[in-house]
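Right, one structure below, let's go through it.
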Amino acid sequence: MITPRRTRLVRVPDLHAFRRAIAVLAGGVRTNPESRANPESRANPESRIPNPDLLVVVPHRAAARLMSAAVAGGEALVTRDELYDQLHARLSNPPRRLTPLERDVVAQAAARAAATRHPDLAFTLRPGLVAEILRFYDQLRRQSQQVKRFEELIDAALGGEDLDRAARRMRAQTRFLADAFREYERLAAASSGCDEHMLRDRLVAEPASAPIRRVVVTVGDWIADADGLYAADFDLLTRIPGLETLDVVATEQLLASGFHERLAGWLPGVDDGGLGIGDWGLDGSKNEGLVRPSLVCPAPDALHSESFVTTPPNPQSPIPNLYWVHRDRDEELASIARLLSADARAGDGRPLERTAIVFKHPLPYLYAAADVLASAGIPYRAYDALPLASEPTSAALDLALDAVAASFTRATLVALLRSPHFVFRHDGAEIDRRSISGLDRLLSDARYLGEIDRLQAVSSAEPALQAAIAAARELAPLAEARPASAQLALLRSFWTSHRRPIDPADALAARERRARAAIDELLSALARLHAAYDDPTWTIADLTTAVHRAIEEHTFAPDDDGGGVRLIDDDAARYGEFDTIAIVGVVEADWPEKPRRNI
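Here this note's numbering is used: the first residue of the sequence shown is 448, the next is one more, and so on.
Set out below in structure tokens:
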């Protein structure tokens, strides 16, 4: 039974009203004019009491953290994925969720099984291609389309006859994709777990034991916002049992982009209103103390810096320069640091928490900030997740894989032994750097070019040579084609047995410990999942590709170190209140964001 619900569109003119509307709808500050005269009545009496039946959908965790001060109980702020997590947890008997890594392994098995039934495929299956196939399947289901309908649409578009080779290839590819999708659905159903699409069906069919009563959506759809909701998500919110109120907050600019028309189709009968909902006025024209943003560009002389290169749009124009040009991104951050320092010296500095550095892509700014802002004595706070692939300890794992792939050449062996992340011993004594340098000279003099047999034939009792031989023997089985789970287990065994102990006094000890734990969990999970679902034969090249993909797709949140300048992306900036915003990385490669190609 679908419960009746109130669905309304809250139109707001600008971002000031956007944030105010979210706060009010989530139980925030009263803003009607009569309440301002009496400070005691300005707050909703329940504004600071978390509402367990409320969820506010934001694009990502950075936006949630910025908005948490204005919303009672920051746990109500959720991303799209967390929305499903919350709804899943409310079921009386929630099914097990398939992890992203588990789904990837199942998709690899499904694609290989489908490929055996289509020997005329014009391409070779690779792990990266299968990942795109799974992404395409998700996109298809998120548009509320079924696999059968997808196949019918492509067949209809191609017509009844294969008049040329391109049409035949397209039809064969479509049939392969449809078979792979069906095989994935079969394997996922047999796994006793559920993915997002199976969960949606369950949420509509089964009333929750403690349903969410109210949802506030602050994002657009996937067309207007990369982190927005999909057609199937809006359909779920109109049908899920127990939901009583659905509010969509959107600026007039977003609605004018076509979102309003699409929303009317997904939410028929939506109450389309502007500001002033309920008895808490939201009229943006009456918001006191709010000013329109202005673009300013102080002269370089004011910053006592000669590194600025100003480029006026028109040298004859009296209009001041509206942008700066810098050599690189480090210099870009350094100029902002000088600006903040100059403001502080002049006594014009505002709280650093009211300053934001806004980028399109977090890298390399998150890493540059650790050097540039820290050296200037400016504290900062980052919200974006850091990629595991950029951690130094991930590169150490590559050294082991490279040594095997290169048949243990002198360069790869010496690089492996020199890695500060590994420790190698012989007769209980650690191999030091001087001994490793001696090994390098020894192998060079012996004209050693690779292969473990030739390494063992080098006549010397040098401890470094014996350690190198022992390491090569441990890794040598990886060069042979074996089941994926066995390859992963062996690599993990080498990784765990040779990791250098972490010095607790090291300033980066916590970061190193977290990165190592993430890699260890990835290798363990991959081995376990391949043994359970699909255990193909892997060469060292296959192993390297799989490990690289798993590490590249894994991220972890930075430490929450309190106050300072905010480093955020352009989507999160909408959810914060700032006095100064510095937009960085305004280059063609970053802005606008390039659309992702699909298969």
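Each residue gets a CB set at the ideal place from its N, CA and C atoms; glycine is no exception.
Note that this is a predicted model, so its numbers are computed, not measured.
- Beta-bridge pairing by DSSP links Asp668 to Leu676.
- In this structure, Glu968 is the residue among Val1031, Glu968 and Trp985 with its C-alpha nearest to the C-alpha of Thr546.
- Contiguous alpha helix (DSSP H) elements confined to the region 954-1005 occur at 956-979 and 987-999, taking only those with 4 or more residues.
- Taking a contact to require three or more Cβ pairs closer than 8 Å, the region 529-543 and the region 971-988 do not qualify as touching.
- Remark: three or more beta-carbon pairs, one from each stretch, lie closer than 8 Å, so the region 861-879 and the region 906-917 are flagged as touching.
- Excluding the 5 residues flanking it on each side, Leu683 has same chain C-beta neighbours closer than 7 Å at Arg647, Leu650 and Val651, in chain order.
- Within the DSSP bridge table, the entry for Ile1028 names Ala803 as partners.
- For Gly794, DSSP assigns no beta-bridge partner whatsoever.
- Taken in chain order, the complete alpha helix (DSSP H) segments of 4 or more residues contained in the region 880-941 are 880-892, 899-904 and 910-922.
- The beta carbon of Phe1025 sits closer than 6 Å to those of Arg801 and Ala803, all from its chain and outside the five residues before and after it, given in chain order.
- Judged by DSSP in its simplified three-state form, Leu501 adopts strand.
- As a beta-bridge residue in DSSP terms, Ile1015 pairs with Val805.
- According to the DSSP assignment, Thr563 belongs to the alpha helix (DSSP H) that extends over Pro547 to Thr563.
- Counting every other CB atom within 10 Å of its CB across the protein chains shown gives Glu630 a total of 16 or more, marking it as buried.
- Taking a C-beta distance under 7 Å as the contact criterion, Leu538 and Ile659 do not qualify as a contact pair.
- Secondary structure of Gly640 (DSSP, three-state): strand.
- Annotation: Phe597 to Ala625 spans about 8 Å, alpha carbon to alpha carbon.
- In the structure shown, Leu810 adopts coil according to DSSP, grouped into three states.
- Boundaries around Arg582 are those of the alpha helix (DSSP H), Pro574 to Arg589, since no beta strand (DSSP E) includes it.
- Under the 8 Å Cβ criterion, the region 929-944 does not count as touching the region 894-908, having fewer than three qualifying pairs.
- Residue pairing for His873: DSSP places it in a beta bridge opposite Ala876.
- Among the bridge pairs identified by DSSP, Tyr827 is matched with Val1012.
- The shortest C-alpha to C-alpha distance from Tyr584 to any of Ala962, Ile1030, His644 and Ile987 is the one to His644.
- For Asp719, DSSP records a beta bridge to Leu456.
- In its chain, beyond the 5 residues on either side, Thr859, Leu860, Leu863 and Leu922 have a beta carbon closer than 7 Å to the beta carbon of Ala850.
- Here the alpha carbons of Leu605 and Tyr814 stand approximately 49 Å from one another.
- The alpha-carbon of Arg888 is positioned some 24 Å away from that of Asp845.
- In chain order, Leu548 place their CB closer than 7 Å to the CB of Ala972, counting only its own chain and leaving out the 5 sequence neighbours on each side.
- Each residue's CA atom was taken as its position, placing Ile469 and Asp500 some 16 Å apart.
- The alpha-carbon separation between Leu810 and Ala697 amounts to approximately 29 Å.
- With fewer than 16 other Cβ atoms inside 10 Å of its own Cβ, Ser656 counts as exposed.
- With respect to Ala637, Ala557 sits apart: the two C-beta atoms are not nearer than 7 Å.
- Closest by C-alpha distance to Ile987, out of Ala928, His1001 and Thr1027, is Ala928.
- If you check the CB distance, Val819 and Leu787 do not come in under 7 Å.
- Under the three-state reduction of DSSP output, Val518 falls in the coil class, being neither helix nor strand.
- Residue environment: Ala613 is assigned as exposed (fewer than 16 neighbouring CB atoms within 10 Å of its CB, all protein chains considered).
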